[in-house]
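Engineer: Numbering (the numbering used here), first residue to last: 1244 to 1529.
1) Sort 1445, 1440, 1466 by Cα distance to residue 1455 and report the nearest one.
2) Which whole-angstrom value is the C-beta distance of residue 1376 and residue 1412, which I expect to be below 8 Å?
3) My output table needs one value for residue 1313: the three-state DSSP class, helix, strand or coil.
4) Can you tell me where the beta strand (DSSP E) with residue 1425 in it begins and where it stops?
5) Is DSSP giving residue 1462 helix, strand or coil here?
6) Roughly how many angstroms lie between the CA atoms of residue 1337 and residue 1428, to the nearest whole one?
7) What are the start and end residues of the alpha helix (DSSP H) that includes residue 1401?
8) Mind reading off the beta-carbon distance from residue 1371 to residue 1364? Whole number of angstroms is fine, and I expect it under 8 Å.
9) Do you know how far the Cα of residue 1410 is from the Cα of residue 1485?
10) Going by other Cβ atoms of all chains shown within 10 Å of its Cβ, with 16 needed for buried, is residue 1408 buried or exposed?
11) Quick check on DSSP: helix, strand or coil for residue 1233?
12) Tell me, please, which residues DSSP counts as bridged to residue 1341.
13) Starting from residue 1271, trace the beta strand (DSSP E) both ways and give me its first and last residue.
14) List the endpoints of the continuous alpha helix (DSSP H) containing residue 1301.
15) Just tell me which of 1366, 1334, 1406 has its CA closest to the CA of residue 1380.
16) Apply the 10 Å Cβ neighbour rule to residue 1498 and answer buried if 16 or more other Cβ atoms are within range, or exposed otherwise.
17) Where does residue 1335 fall in DSSP's three states?
18) Could you have a look at residue 1513 and say whether DSSP puts it in helix, strand or coil?
19) Might you give, ordered along the chain, the residues of its own chain that have their beta carbon closer than 8 Å to the beta carbon of residue 1386, omitting 5 neighbours on each side?
20) Reducing DSSP to helix, strand and coil, say where residue 1520 ends up.
21) Work out the CA separation of residue 1318 and residue 1307 for me, nearest whole Å.
22) For residue 1500, I'd like the list of residues in its chain whose CB is within less than 8 Å of its CB, leaving aside the five on either flank, ordered along the chain.
23) Among all the DSSP beta bridges, which residues are the ones paired with residue 1296?
24) Taking residue 1474 as the reference, which of 1422, 1451, 1321 has the closest Cα?
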């Protein structure tokens, strides 16, 4: 973005460049059409903190990454700048914005999501422990004659017994991890690469510091690829074992992991005319 007066009020004159290119004018037109503000040029900073992209030869710098915010919420954005010290493994710098939102004092309390480790019921000792806990809680629970006549009371007692037995015998399981292959060795290689990256910035991108960072980056990627291959090999072996043992449910659970992969949550859709709808209420109505 540039410092031209024609971009007001959707682009405040705090950009890095003096003139816009074609993509910059298209972004201003999009901001004017959708009534948003280009948040990347709201704050006043040094030019080094406005640069969002740097060429591989470390000579050319541009401001091509921006944050868009609705005009009615533009006063919530207090600051915007790039963080050169954060290693995102890209020629783009991390762009961060400081938001001061006005939050309502009416708090809604949501129940905590509980994951029961149901797969452990495949083992005979866990099954026996679950049965014994059920019998123990059933004998210790007192129910009078009046409560036995009410089906709602009986169901609440049964539900309580089952939950207590599951928590004590079966146990709990946390949310599934996205990358099971990322272990301590991968974390150590990533940490070392980030340390060398900060040293490269401190040395102002000297040849020795740049070559050292590229070497550490290559070693990190090499370790990650090896861990991924080992994880996929282990997954395929588990699928083959489940197929030989006729464990159909376990086999297709592993197949779905490969077939589905990672799918991010998308809170938008298109209306009947093909226009993009982003408001949550309108998306639910659609």
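Every residue, glycine too, gets a C-beta built ideally from N, C-alpha and C. Computed from a predicted structure; not experimentally measured.
Structural biologist: So, from the listed chains and residues:
1) As a working note, residue 1455 is residue 212 in the chain shown. The candidate whose alpha carbon is nearest that of residue 1455 is 1440.
2) Here residue 1376 is taken as the residue at index 133 of the chain shown, counted from 1. Here residue 1412 is taken as the residue at index 169 of the chain shown, counted from 1. Residue 1376 to residue 1412, Cβ: 5 Å. Contact.
3) Taking the chain shown and counting its residues from 1, the one referred to as residue 1313 is at position 70. Of the three classes helix, strand and coil, the one that applies to residue 1313 here is strand, per DSSP.
4) Taking the first residue of the chain shown as position 1, residue 1425 is located at position 182. Boundaries cannot be given for residue 1425, as no beta strand (DSSP E) includes it and DSSP labels it neither H nor E.
5) Residue mapping note: residue 1462 aligns to position 219 of the chain shown, counting from 1. Residue state, collapsed to three classes: helix.
6) Start at 1 with the first residue of the chain shown, and residue 1337 comes out as number 94. Start at 1 with the first residue of the chain shown, and residue 1428 comes out as number 185. One C-alpha to the other measures close to 25 Å.
7) For the purposes of this step, residue 1401 is identified with residue 158 of the chain shown, where counting begins at 1. Counted as a single uninterrupted DSSP element, the alpha helix (DSSP H) harbouring residue 1401 occupies residues 1394 to 1408.
8) Here residue 1371 is taken as the residue at index 128 of the chain shown, counted from 1. Here residue 1364 is taken as the residue at index 121 of the chain shown, counted from 1. Rounded, the Cβ-Cβ distance is 11 Å, inconsistent with contact.
9) Here residue 1485 refers to the residue found at position 242 when the chain shown is read from its first residue. Here residue 1410 refers to the residue found at position 167 when the chain shown is read from its first residue. The straight-line gap from Cα to Cα measures roughly 28 Å.
10) Taking the first residue of the chain shown as 1, we reach residue 1408 at position 165. Answer is buried; the Cβ neighbour count reaches 16.
11) No answer is possible for residue 1233: the residues shown for the chain start at 1244 and end at 1529.
12) Looking up residue 1341 in the chain shown gives position 98. In the DSSP output, where bridge partners are listed per residue, residue 1341 has 1322.
13) Residue numbering aside, residue 1271 sits at position 28 when the chain shown is read from its first letter. Careful: residue 1271 lies outside any beta strand (DSSP E), inside the alpha helix (DSSP H) at 1265 to 1277.
14) As a position in the chain shown, residue 1301 is number 58, starting the count at 1. Judged by DSSP secondary structure, residue 1301 falls outside any alpha helix (DSSP H); it is assigned neither H nor E.
15) Locating residue 1380 in the chain shown gives position 137, where the first residue counts as 1. Residue 1380 has its Cα closest to that of 1406, out of 1366, 1334, 1406.
16) Residue numbering aside, residue 1498 sits at position 255 when the chain shown is read from its first letter. Exposed: under 16 other Cβ atoms inside 10 Å.
17) Walking along the chain shown from the start, residue 1335 turns up at place 92. Note: residue 1335 maps to strand in three-state DSSP.
18) Taking the chain shown and counting its residues from 1, one reaches residue 1513 at position 270. In this structure, DSSP gives residue 1513 an extended state, which the three-state scheme calls strand.
19) What you label residue 1386 is simply residue 143 of the chain shown in a count that begins at 1. Because the pLDDT of residue 1386 is 47, which lies under 50, any placement of that residue in the model is unreliable, and the question is left without a value.
20) Locating residue 1520 in the chain shown gives position 277, where the first residue counts as 1. The answer is strand: DSSP assigns residue 1520 an E or B state.
21) The residue you call residue 1307 lines up with position 64 of the chain shown. The residue you call residue 1318 lines up with position 75 of the chain shown. Distance between residue 1307 and residue 1318, taken at the CA atoms: about 23 Å.
22) Along the chain shown, read from residue 1 onward, the residue named residue 1500 stands at position 257. Around residue 1500: 1478.
23) As a working note, residue 1296 is residue 53 in the chain shown. Answer is 1305, 1335, bridged to residue 1296.
24) To locate residue 1474, count along the chain shown from 1; it is residue 231. Measuring from the Cα of residue 1474, the nearest candidate turns out to be 1422.
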